[in-house]
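*Asks:*
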Amino acid sequence: DAMVIQNPRYQVTQFGKPVTLSCSQTLNHNVMYWYQQKSSQAPKLLFHYYDKDFNNEADTPDNFQSRRPNTSFCFLDIRSPGLGDAAMYLCATSREMAGPSYEQYFGPGTRLTVT
Amino acid sequence: AQKITQTQPGMFVQEKEAVTLDCTYDTSDQSYGLFWYKQPSSGEMIFLIYQGSYDEQNATEGRYSLNFQKARKSANLVISASQLGDSAMYFCAMREDPNDYKLSFGAGTTVTVRA
Numbered sequence: 001d002a003m004v005i006q007n008p009r010y011q012v013t014q015f016g017k018p019v020t021l022s023c024s025q026t027l028n029h030n031v032m033y034w035y036q037q038k039s040s041q042a043p044k045l046l047f048h049y050y051d052k053d054f055n056n057e058a059d060t061p062d063n064f065q066s067r068r069p070n071t072s073f074c075f076l077d078i079r080s081p082g083l084g085d086a087a088m089y090l091c092a093t094s095r096e097m098a099g100p101s102y103e104q105y106f107g108p109g110t111r112l113t114v115t
Numbered sequence: 001a002q003k004i005t006q007t008q009p010g011m012f013v014q015e016k017e018a019v020t021l022d023c024t025y026d027t028s029d030q031s032y033g034l035f036w037y038k039q040p041s042s043g044e045m046i047f048l049i050y051q052g053s054y055d056e057q058n059a060t061e062g063r064y065s066l067n068f069q070k071a072r073k074s075a076n077l078v079i080s081a082s083q084l085g086d087s088a089m090y091f092c093a094m095r096e097d098p099n100d101y102k103l104s105f106g107a108g109t110t111v112t113v114r115a
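Protein sequences appear in the order of chains A and B.
FYI, my numbering numbers position 88 of the first sequence as 88, with every residue one higher than the one before it.
FYI, my numbering numbers position 70 of the second sequence as 70, with every residue one higher than the one before it.
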């Protein structure tokens with residue numbers, strides 16, 4: 001009964017070679033989020049979708065893009081990965097955005113290595 | 001300014017004993033929510049417990065309880081009867097304002113349970 005699924009779990013890419021990470025959800029939640037988490041640090045929000053409305057965090061580099069073709073799927077595209085982009089990428093969903101009690105459900109993450 | 005402070009980078013606890021993880025927060029909002037997440041080495045962020053700022057009783061979920069002291073702005077997590085499977089990173093997070101989608105995470109505390 002997996003709820004938030006991320007593929008692949010481990011991804012190796014070369015410096016400068018575009019890479020796409022995938023997230024899908026079976027919860028039918030309106031909101032999907034992408035976080036970047038570097039080693040031993042807290043997750044950092046990159047952007048989120050409310051339905052089809054995209055919201056980029058102010059400090060998210062242009063190198064990071066996202067697509068949400070439908071409610072269930074959301075993709076993270078890194079156009080030209082640098083060594084500093086090596087991290088765990090976490091996808092999360094929530095039913096709504098408003099209200100303090102709307103918890104976010106996280107996927108297992110994709111660990112990206114850049115060689 | 002840091003919104004969530006977790007002062008304990010790492011802790012050791014003996015199996016079957018209780019452990020308290022500290023979390024202090026900073027907000028001027030009256031309505032906010034506090035969350036604790038567990039992140040095992042596999043990477044998935046697992047929601048543990050939630051406390052709303054207007055909740056008068058401390059939240060409990062099985063072996064997890066939240067010691068909420070509003071005046072002190074602290075929301076410590078207590079894990080009772082620790083198990084080896086509790087070894088993980090634990091994050092405290094806050095959602096301010098009912099209409100704010102963002103979770104502010106603390107730096108995390110690594111818990112290692114010893115047999």
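Every residue, glycine too, gets a C-beta built ideally from N, C-alpha and C.
1) I'd like to know if the segment 15 to 33 of chain B and the segment 85 to 97 of chain B are in contact, where contact means that at least 3 CB-CB pairs between them fall below 8 Å.
2) Between A:Asn-30, A:Pro-43 and A:Val-4, which lies nearest to B:Gly-106 when the distance is taken from Cα to Cα?
3) Inspect the CB distances between the segment 12 to 30 of chain A and the segment 67 to 81 of chain A and report whether three or more fall short of 8 Å.
4) Among all the DSSP beta bridges, which residues are the ones paired with B:Glu-61?
5) At 7 Å on the CB atoms, spell out the chain A contacts of B:Phe-91, in chain order.
6) Using a Cβ-Cβ distance cut-off of 8 Å, determine whether B:Phe-35 contacts chain A.
7) For B:Lys-38, I'd like the list of residues in its chain whose CB is within less than 7 Å of its CB, leaving aside the five on either flank, ordered along the chain.
8) Whole-angstrom Cβ separation of A:Tyr-105 and A:Met-3, contact assumed at under 8 Å?
9) In terms of residue numbering, what span does the beta strand (DSSP E) encompassing A:Asn-55 cover?
10) So, A:Met-88 versus B:Gly-43, is the Cβ gap smaller than 8 Å?
11) Run through chain B and tell me which residues come within less than 9 Å of A:Asp-31, C-beta to C-beta.
*Replies:* Here's the rundown:
1) Yes, the segment 15 to 33 of chain B touches the segment 85 to 97 of chain B.
2) Counted from its first residue, the second sequence places residue 106 of chain B at position 106. When only C-alpha atoms are compared, the closest one is A:Pro-43.
3) yes
4) Stepping through the second sequence from its first residue, residue 61 of chain B is reached at position 61. B:Tyr-64.
5) Numbered from its first residue, the second sequence carries residue 91 of chain B at position 91. Chain A residues near B:Phe-91: Ala-42.
6) On the second sequence, residue 35 of chain B is found 35 positions in, with the first residue counted as 1. Interface residue (Cβ-Cβ distance to chain A less than 8 Å): B:Phe-35 is classified as such.
7) Reading the second sequence from its first residue, position 38 is the one you call residue 38 of chain B. Closer than 7 Å at the Cβ level, and outside the excluded window around B:Lys-38, lie Ile-46, Leu-48, Ala-88 and Tyr-90.
8) As a working note, residue 105 of chain A is residue 105 in the first sequence. As a working note, residue 3 of chain A is residue 3 in the first sequence. Going by Cβ atoms, the distance from A:Tyr-105 to A:Met-3 rounds to 6 Å, so yes, they are a contact pair.
9) Counting from one through the first sequence, the residue named residue 55 of chain A turns up at place 55. Following the DSSP letters along the chain, one finds A:Asn-55 inside the beta strand (DSSP E) bounded by residues 53 to 56.
10) Along the first sequence, read from residue 1 onward, the residue named residue 88 of chain A stands at position 88. Along the second sequence, read from residue 1 onward, the residue named residue 43 of chain B stands at position 43. Closer than 8 Å, so yes.
11) On the first sequence, residue 31 of chain A is found 31 positions in, with the first residue counted as 1. One detail in the question is off: residue 31 of chain A reads as Val in this sequence, not Asp. By Cβ distance, chain B contributes Tyr-101.
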